[in-house]
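Some notes on the structure that comes next.
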Amino acid sequence: MKIDLSRLIDRAVYKIDFEHSLNLTKVSTKTGEIALAGPVNVKGSVYKTDENMYLDAKVSYEYYENCARCLKEFVNRVETVLSGRLMETSQLLDTDDDEFVFYYDNGEVELTEQVLTSILLSLPMKALCADNCRGLCLVCGKDLNKEECSCEIQEIDPRLAKLKDLFD
Ligand SMILES: [Zn+2]
Ligand SMILES: [Zn+2]
């Protein structure tokens, strides 16, 4: 995914808006991979200030996830941001440590790698199919979103549990 910066570099314009989609089916993660449910959308702009060029974009994607409560598969939608300073590859680095830098070459910046990184960083640890998902019954395993069960879940106070052990 490349963005042409030449009009910005030539000072013909001060800002370029762009919108691209990346057609990926999966993204490798540390623990395996995620399957994407549609193209990854990257929408944003590159702009110039007196001294520098910056990029600011919104990355949105949808992927298949299993609900942490009911284990059902659903499509989770995530939005994250990608932003930083643009620098020519040949420029020697003189940046603040926590500044994010995109390198460009021949008037073009290649973003695919950074988009993939932003996806990995934004993946939620836990996702729910719905905020009010009722999950599975801890006793019989039924999906409580679909049907009620008659199990009684006893939440035993740990102090009482100790007492109970003594009498067993
Ligand atoms: Zn659920
Ligand atoms: Zn049950």
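In terms of our numbering, the sequence shown has 28 at position 21, counting the first letter as 1, and numbering is strictly consecutive.
All residues carry an ideal CB built from backbone N, CA and C; glycine is no exception.
R18, enclosing alpha helix (DSSP H) - first and last residue: Looking up residue 18 in the sequence shown gives position 11. First-last for R18: undefined, no H or E at that position.
Residues surrounding ligand 2 [beta-carbon distance to nearest heavy atom under 6 Å]: My final list is C144, V146, C147, K149, C156 and C158.
With 16 other CB atoms within 10 Å as the buried threshold, where does N139 fall? Position 132 of the sequence shown, counting from 1, holds the residue named residue 139. Flag for N139 reads exposed.
Buried or exposed: where does A64 fall if 16 or more other Cβ atoms within 10 Å of its Cβ makes it buried? For this step, residue 64 is matched to residue 57 along the sequence shown. Per the 10 Å Cβ criterion, buried.
Cβ neighbours of S67 in the same chain (closer than 6 Å, five flanking residues each side left out): As a position in the sequence shown, residue 67 is number 60, starting the count at 1. Once the five neighbours on either side are set aside, the close Cβ partners of S67 are N48 and E86.
Is E186 near K50, with beta carbons less than 8 Å apart? Lying before the first or after the last residue shown, residue 186 is absent from the chain, which here runs from 8 to 175.
Does the beta carbon of G51 come closer than 8 Å to any beta carbon on chain B? The displayed structure is made up of one protein chain only, and chain B is not part of it.
DSSP-derived helix/strand/coil call for E40: Translated into positions along the sequence shown, residue 40 becomes position 33. Under the three-state reduction of DSSP output, E40 falls in the strand class.
Ligand 1 heavy atom lying under 7 Å from the CB of A2: What the structure shows of the chain is the stretch from 8 to 175, and residue 2 is not part of that stretch, so it cannot be assessed.
Measuring alpha carbon to alpha carbon, tell me which of D24, P46 and G91 ends up nearest Y70. Stepping through the sequence shown from its first residue, residue 70 is reached at position 63. For the residues D24, P46 and G91, the minimum Cα distance to Y70 belongs to P46.
L127 (DSSP reduced to helix, strand or coil): Position 120 of the sequence shown, counted from the first residue, corresponds to residue 127. The answer is helix: DSSP assigns L127 an H, G or I state.
So what's V3 in DSSP terms, helix, strand or just coil? This structure gives no information on residue 3, because the portion of the chain shown stretches from 8 to 175.
Please list, in chain order, all residues of the same chain as V88 whose beta carbon is under 8 Å from its beta carbon, the five residues on each side excluded. In the sequence shown, residue 88 corresponds to position 81, counting from 1. Correct list, in chain order: D63, A64, K65, V66 and S125.
Exposure label - R76; buried when at least 16 CB within 10 Å: One-based indexing of the sequence shown puts residue 76 at position 69. Buried: at least 16 other Cβ atoms inside 10 Å.
Selected residue, minimal CA-CA separation from L93, among M60, G114, K79 and D11: Along the sequence shown, read from residue 1 onward, the residue named residue 93 stands at position 86. Comparing Cα-Cα distances from L93 to each of M60, G114, K79 and D11, the minimum goes to M60.
Check this for me: beta carbons of G114 and D11, under 8 Å apart or not? Translated into the one-based positions of the sequence shown, residue 114 becomes position 107. Translated into the one-based positions of the sequence shown, residue 11 becomes position 4. Result yes, Cβ atoms of G114 and D11 sit closer than 8 Å.
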